[in-house]
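Undergrad: Dropping the structure in here first, questions after.
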Amino acid sequence: MSTAASQKRGFGTVLWDYLTTVDHKKIAHLYLFGGGFFFLLGGLEALAIRIQLLQPENDFVSAGFYNEILTMHGTTMIFLAAMPLIFAIMNAVVPLQIGARDVAFPFLNSLGFWLFLFGGLLLNCSWFLGGAPDAGWTGYVPLSITSPGHGVDFYVMGLQIAGAGTLIGGINFLATIVTMRAPGMTYMRMPLFSWTTFITSILILFAFPALTVGLFLLMFDRMFGSAFFDVGLGGNAIIWQHLFWIFGHPEVYILILPLFGVFSEVISTFSKKRLFGYTAMVFATILIAFLGFMVWAHHMFAVGLGPVANSIFSLATMAIAVPTGIKIFNWLATMWGGRITINSAMLWTLGFIPTFTIGGMTGVMVASVVADYQYHDSYFVVAHFHYVIVGGTVFGIFAALHYWWPKMFGRVLNEAMGKLTFWTFFIGFHLTFFIQHFLGLMGMPRRYWTYLEGQQLDLGNQISTVGAFFMAFGVIVFVINAIYTAVKGEKAADDPWDGRTLEWSIASPPAHYNFKQMPLVRGLDALWIEKMEGKGRLTPAEPLGDIHMPNSSFLPFMMSLGLFIAGLGFIYQVNYNWAYILLFGGMAIMLGSMLARSLKDDHGYHIPKDELEREVD
Amino acid sequence: MKGWMGKIRAFCLLGLTAFVLSACGKENLTALDPKGYGADQSFNLIILTTIVMLFVLAVVMVVYTIVLIRYRKKKGQKDYIPKQVEGNKTLETVWTVIPIILLLIIAVPTITATFDLADESAASDSLNVQVTGNQYWWHFNYEGQEIQTSQDLYIPVGEKVYLNMKSSDVIHSFWVPAISGKMDVNPENENTMYIEAHEEGVYWGKCAEFCGPSHSLMDFKVVAVSQDEFDQWAQDMQNVDPEAEPEDAVAQEGQSLFQEKNCMSCHAIGSSPAQIGPNLTDFGNRSKLAGVEDLTKENLVQWITDPESIKPGNKMTGNYPEVSDDEAGKIAEYLLQLKPTDITPESAQ
Numbered sequence: 240m241s242t243a244a245s246q247k248r249g250f251g252t253v254l255w256d257y258l259t260t261v262d263h264k265k266i267a268h269l270y271l272f273g274g275g276f277f278f279l280l281g282g283l284e285a286l287a288i289r290i291q292l293l294q295p296e297n298d299f300v301s302a303g304f305y306n307e308i309l310t311m312h313g314t315t316m317i318f319l320a321a322m323p324l325i326f327a328i329m330n331a332v333v334p335l336q337i338g339a340r341d342v343a344f345p346f347l348n349s350l351g352f353w354l355f356l357f358g359g360l361l362l363n364c365s366w367f368l369g370g371a372p373d374a375g376w377t378g379y380v381p382l383s384i385t386s387p388g389h390g391v392d393f394y395v396m397g398l399q400i401a402g403a404g405t406l407i408g409g410i411n412f413l414a415t416i417v418t419m420r421a422p423g424m425t426y427m428r429m430p431l432f433s434w435t436t437f438i439t440s441i442l443i444l445f446a447f448p449a450l451t452v453g454l455f456l457l458m459f460d461r462m463f464g465s466a467f468f469d470v471g472l473g474g475n476a477i478i479w480q481h482l483f484w485i486f487g488h489p490e491v492y493i494l495i496l497p498l499f500g501v502f503s504e505v506i507s508t509f510s511k512k513r514l515f516g517y518t519a520m521v522f523a524t525i526l527i528a529f530l531g532f533m534v535w536a537h538h539m540f541a542v543g544l545g546p547v548a549n550s551i552f553s554l555a556t557m558a559i560a561v562p563t564g565i566k567i568f569n570w571l572a573t574m575w576g577g578r579i580t581i582n583s584a585m586l587w588t589l590g591f592i593p594t595f596t597i598g599g600m601t602g603v604m605v606a607s608v609v610a611d612y613q614y615h616d617s618y619f620v621v622a623h624f625h626y627v628i629v630g631g632t633v634f635g636i637f638a639a640l641h642y643w644w645p646k647m648f649g650r651v652l653n654e655a656m657g658k659l660t661f662w663t664f665f666i667g668f669h670l671t672f673f674i675q676h677f678l679g680l681m682g683m684p685r686r687y688w689t690y691l692e693g694q695q696l697d698l699g700n701q702i703s704t705v706g707a708f709f710m711a712f713g714v715i716v717f718v719i720n721a722i723y724t725a726v727k728g729e730k731a732a733d734d735p736w737d738g739r740t741l742e743w744s745i746a747s748p749p750a751h752y753n754f755k756q757m758p759l760v761r762g763l764d765a766l767w768i769e770k771m772e773g774k775g776r777l778t779p780a781e782p783l784g785d786i787h788m789p790n791s792s793f794l795p796f797m798m799s800l801g802l803f804i805a806g807l808g809f810i811y812q813v814n815y816n817w818a819y820i821l822l823f824g825g826m827a828i829m830l831g832s833m834l835a836r837s838l839k840d841d842h843g844y845h846i847p848k849d850e851l852e853r854e855v856d
Numbered sequence: 022m023k024g025w026m027g028k029i030r031a032f033c034l035l036g037l038t039a040f041v042l043s044a045c046g047k048e049n050l051t052a053l054d055p056k057g058y059g060a061d062q063s064f065n066l067i068i069l070t071t072i073v074m075l076f077v078l079a080v081v082m083v084v085y086t087i088v089l090i091r092y093r094k095k096k097g098q099k100d101y102i103p104k105q106v107e108g109n110k111t112l113e114t115v116w117t118v119i120p121i122i123l124l125l126i127i128a129v130p131t132i133t134a135t136f137d138l139a140d141e142s143a144a145s146d147s148l149n150v151q152v153t154g155n156q157y158w159w160h161f162n163y164e165g166q167e168i169q170t171s172q173d174l175y176i177p178v179g180e181k182v183y184l185n186m187k188s189s190d191v192i193h194s195f196w197v198p199a200i201s202g203k204m205d206v207n208p209e210n211e212n213t214m215y216i217e218a219h220e221e222g223v224y225w226g227k228c229a230e231f232c233g234p235s236h237s238l239m240d241f242k243v244v245a246v247s248q249d250e251f252d253q254w255a256q257d258m259q260n261v262d263p264e265a266e267p268e269d270a271v272a273q274e275g276q277s278l279f280q281e282k283n284c285m286s287c288h289a290i291g292s293s294p295a296q297i298g299p300n301l302t303d304f305g306n307r308s309k310l311a312g313v314e315d316l317t318k319e320n321l322v323q324w325i326t327d328p329e330s331i332k333p334g335n336k337m338t339g340n341y342p343e344v345s346d347d348e349a350g351k352i353a354e355y356l357l358q359l360k361p362t363d364i365t366p367e368s369a370q
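Sequence lines, in order, name chains P and R.
Per our numbering, the first sequence starts with residue 240, numbered consecutively.
Per our numbering, the second sequence starts with residue 22, numbered consecutively.
Okay, here's the thing in structure tokens:
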């Protein structure tokens, strides 16, 4: 369907299309808009934090409200911004990169998105229903159990629903990559972004259940009178920290590994060189993921686990620096001897290398147990994880968006605005966070609502706040850029960057069935190989035939809506009996939708061969 | 090992003097100017890891700069396709092995120090203090000495003092950056750490584990005094007569108001272990009011009439009968005269 045709459709049709779509490309758009919305929201919360800390003993916001803001900033950025934006890129790119017509389970793909969105909305409803959660994004017990009001209940239910969506998404990509690679695409011919998506999906599969279990225990403690974490009744409070970080540390790698893949693609394309040490890159990724499960207790060095446990987790943590270092050097070696084009996507990548190296440096520094006794829970740690999560994940998302925007929307983002975004955000980022290393060591613990006068913490905090506004400016320019591009942006060619991988062999944006005929993959950088041999296009691996496509469905939306309503019911049944109506009503909507899905045979539809022949190549 | 650690430290202090002097933060608060055993250990490792990691960063940045200067596409350059390199075994081995060696350089002293700071063998011969973290104040019970106090922890300088720490509510974390790194104060188990101050002084302590609205106001002090002064302090604290009448009439009225208004049900004076609220035995000597405000009568009256305005979410608000400004003034007068000893934070200079 061409752009001209879609412009003729009314708003209602487009809306209904997006509400029911199971097409990975449209779900990518949905993830992008959903995640982008929450990213802006989390950014506003960050600005409120920085304004509050502009001067000592400030009272821009009250202490209790500040705790809600900082909790929601962390929770929103991790679960509702970074994760869905990563899923947006995975959805937009992975099926195209491995030569598939869609993901393995298109219906589940849509369900995953709507669960995330309704989970996120439920969490944010708390602002209007008596106050947001205020126990930190880590929700440590007993603070989260004793927190009054329903804030933490929204945290529990919202994350549980959104987390289910993430788990579904992870399983889906796992199945897609295992079963749907194009003919000839062996594992060791897979582009690195697909590889990192694959590894990330494994991490999601094993890490999220720990969070699910933890949240269930917390839910029962808060809503149904159990005492898993209640020390007074024989429970154990430290176990929450273990459960949370057994999820939480792999989560850090879930957030960064896909972007390592993005940087590998961008560097390789814009250096016009094959990725240096491809095999080493793949195994470094696997090693990082494996070690990622062995290091959770480095978040707990100050808990008092004893010197043996602390030493073991310290060594395991330091070990991760080795594969990460291999990656950095491989990227540098890829650029070495290449022909480097510097545009917006490449700028974000070049900004990432020093920034992430500093984040990795401080990562090794906090891994050193006794040094960490000082860093722990101070602004040093705040600086460290913003260097890796913003410097890695956010820079990576921006790089990916500039790189794949043409493939996602058929238009190229404006370069001038792209560069303006990069420079203001990059400078603002370092202004904001570099000084925080020192603030931490100068005695400023994290999650502090205010600091006292005369402790020489004023100047550092002021610099930090100024930096935050630079970052905000950069983000606003990006939003303007996106709108401008949608309205009058330059139309994208099919292969605007002289790309190397399969997604650049098809139209921008691709037809809804992606590939008319499955391509035959003859090696790593499949498209590049054909270009070098003068053909410039992939050989089809099958004759032109009917294409089997899945039908759209409104059921994923209904299921998620049902869970959202039931979530409200769970939260309010503690005080009000009427909430049982919501609880059972919501469950009925969800289970009814599942029943409808089970009873109705939906075999999808076929695009007939002659229709495909009529379409222009 | 101490030898080369010392050399590294001397070297750094030399090199970084200008920087450290100007930007290392407030004395007796900052971890960058260590004045205790634990803080020394941490500082040495901070310097060591920073140097090793700056070396790595320097290597990366040198290669990065060369790459960008040499291989950036230049205007008017002829179009060509670079050689497609698969990899290089030697290079890849080098950048795998060298980081491993660098990490070992960090790992060995790290583990040595970890076990050193967890050493509890001297606990039975040392001063032991039970530390209790509460929302949002600290309680100190000197084991076997019949001394109870809150907010200001007096210790003898140059001695190991073992802290056996537990929380009465949520998790807190005991952090006095200039003397030692932090350790969590959990509700379910007792954590032990030792601190040792090298110099006399009043050191800022902070709660480092998120514990509620007034988390950022849960400050305390460690007052390190000479051994003689400490002995004097301990003796005076043991000999406190909780019933002693103050001399002037206003304070006497304050004392009886203190009893009438049920203050005693939470606040102890003397060594009785009640600790729903802070122990007030040496209240008049406190370095700060509620950990954060100057100890003045005005501030104290404000605290007594409206504690919420100073520490949001504290446990005193709403749990005592109405107190008028006038009554609060009298109680304040009484409390400010609770100075059972001449050893005060001023002694620690």
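No residue lacks a Cβ here, since even glycine has one placed at the ideal position from N, Cα and C.
(1) Taking the Cβ atom as the reference point for each residue, do Ile325 of chain R and Ile352 of chain R lie within a distance shorter than 8 Å?
(2) Quick one: which unbroken alpha helix (DSSP H) runs of 4-plus residues sit fully inside the segment 588 to 672 of chain P? Chain order, please.
(3) Taking Trp158 of chain R as part of the beta strand (DSSP E), name the residues at either end of that continuous run.
(4) Find the residues of chain R that neighbour Gly219 of chain P, judging by a C-beta separation of less than 7 Å, and give them in chain order.
(5) Quick check on Gln296 of chain R: does DSSP put it in helix, strand or coil?
(6) Say whether chain P places a C-beta atom closer than 8 Å to the C-beta of Ala311 of chain R.
(7) Check this for me: beta carbons of Ser171 of chain R and His160 of chain R, under 8 Å apart or not?
(8) List the endpoints of the continuous beta strand (DSSP E) containing Gly154 of chain R.
(9) Counting only runs of 4+ residues fully inside the segment 387 to 434 of chain P, write out the alpha helix (DSSP H) ranges in chain order.
(10) Taking CB distances under 8 Å as the criterion, tell me whether Leu138 of chain R reaches chain P.
(11) Taking 8 Å as the cut-off, does the segment 461 to 475 of chain P touch the segment 816 to 824 of chain P (at least 3 CB pairs, one atom from each stretch)?
(12) Can you give me the Cβ contacts of Ala725 of chain P inside the same chain, cut-off strictly under 8 Å, excluding the 5 residues immediately before and after it?
(13) Thinking just about the alpha-carbon of each residue, which of P:Gly738, P:Arg761 and P:Asn790 is nearest to the one in Tyr752 of chain P?
(14) Count the other CB atoms, across all protein chains shown, that sit within 10 Å of the CB of His842 of chain P; report buried if there are 16 or more and exposed otherwise.
(15) Applying a beta-carbon distance threshold of less than 8 Å, which residues of chain P neighbour Ala134 of chain R?
(16) Under 8 Å between C-beta atoms, does Gly350 of chain R make it to chain P?
(17) Buried or exposed: Trp376 of chain P, going by 16 or more other Cβ atoms within 10 Å of its Cβ?
(18) Tell me the start and end of each unbroken alpha helix (DSSP H) in the segment 480 to 545 of chain P that is at least 4 residues and wholly inside, in chain order.
(19) Are the beta-carbon atoms belonging to Thr310 of chain P and Pro387 of chain P less than 8 Å from one another?
(20) Considering just the uninterrupted stretch of the alpha helix (DSSP H) at Tyr723 of chain P, what are its terminal residues?
(21) Interface residues of chain P around His236 of chain R at Cβ under 9 Å?
(22) Quick one: is Val322 of chain R buried, meaning 16 or more other Cβ sit within 10 Å of its Cβ, or exposed?
(23) Establish whether the CB of His615 of chain P and some CB of chain R are separated by less than 8 Å.
(24) Are the beta-carbon atoms belonging to Gly545 of chain P and Phe595 of chain P less than 8 Å from one another?
(25) Once DSSP output is grouped into helix, strand and coil, what is the label at Ile364 of chain R?
(26) Is the segment 570 to 578 of chain P touching the segment 84 to 95 of chain R, taking contact as three or more C-beta pairs under 8 Å?
(27) Grab me the residues of Lys371 of chain R's own chain with a C-beta within less than 7 Å of its C-beta, minus the 5 sequence neighbours each way, in chain order.
(28) Could you tell me the distance, in whole angstroms, from the CA atom of Pro294 of chain R to the CA atom of Arg307 of chain R?
(29) Which residue wins for smallest C-alpha separation from Asp262 of chain P, given the options P:Ala327, P:Gly251 and P:Ile317?
(30) Going along the chain, which residues of the segment 220 to 250 of chain R sit with their C-beta nearer than 9 Å to a C-beta in chain P?
(31) Under three-state DSSP, which class holds Ile126 of chain R?
(32) Grab me the residues of Thr563 of chain P's own chain with a C-beta within less than 7 Å of its C-beta, minus the 5 sequence neighbours each way, in chain order.
(33) Spell out whether any CB of chain R is found under 8 Å from the CB atom of Asn348 of chain P.
(34) Excluding five sequence neighbours on each side, which residues of the same chain lie with their C-beta closer than 7 Å to the C-beta of His623 of chain P?
(35) Please check the pair Tyr421 of chain P and Gly338 of chain P, which I expect to be a contact at CB under 8 Å, by giving their CB distance rounded to whole angstroms.
(36) Using a Cβ-Cβ cut-off of 6 Å (strictly less than) and excluding sequence neighbours within five positions of Trp254 of chain R, which residues of its own chain qualify?
TA: Looking at the atomic coordinates:
(1) yes
(2) 608 to 614, 618 to 627 and 634 to 648
(3) Trp158 to Tyr163
(4) Residue 219 of chain P is absent from the model: chain P starts at 240 and stops at 856.
(5) Here Gln296 of chain R sits in coil by DSSP.
(6) no
(7) yes
(8) Leu148 to Asn155
(9) 390 to 418
(10) Yes - at least one Cβ of chain P is within 8 Å of the one on Leu138 of chain R.
(11) no
(12) Excluding sequence neighbours, Ala725 of chain P sits near Phe648 and Arg650.
(13) Considering only P:Gly738, P:Arg761 and P:Asn790, the residue with the shortest C-alpha distance to Tyr752 of chain P is P:Asn790.
(14) exposed
(15) Val608 and Val609
(16) no
(17) Under this definition Trp376 of chain P is a buried residue.
(18) 517 to 531
(19) Not in contact: Thr310 of chain P and Pro387 of chain P (Cβ atoms no closer than 8 Å).
(20) Unbroken alpha helix (DSSP H) run through Tyr723 of chain P: Asp697 to Lys727.
(21) Ala302, Asn306, Pro684, Arg686, Tyr687 and Trp688
(22) It counts as buried.
(23) yes
(24) 8 Å or more divides the Cβ of Gly545 of chain P from the Cβ of Phe595 of chain P.
(25) Looking at Ile364 of chain R - three-state DSSP - the assignment turns out to be coil, as it is neither helix nor strand.
(26) yes
(27) Here chain R covers residues 22 to 370 and nothing more, so residue 371 of chain R does not appear.
(28) 19 Å
(29) P:Ala327
(30) Residues Trp225, Lys227, Cys228, Ala229, Glu230, Phe231, Cys232, Gly233, Pro234, Ser235, His236, Ser237, Leu238 and Asp240.
(31) helix
(32) Ile527 and Gly599
(33) no
(34) Gly598, Thr601, Gly602 and Val605
(35) Inspection of the sequence shows that residue 421 of chain P is occupied by Ala rather than by Tyr. Your pair Ala421 of chain P and Gly338 of chain P checks out as a contact, with CB atoms roughly 3 Å apart and the cut at 8 Å.
(36) Tyr175, Thr362 and Ile364
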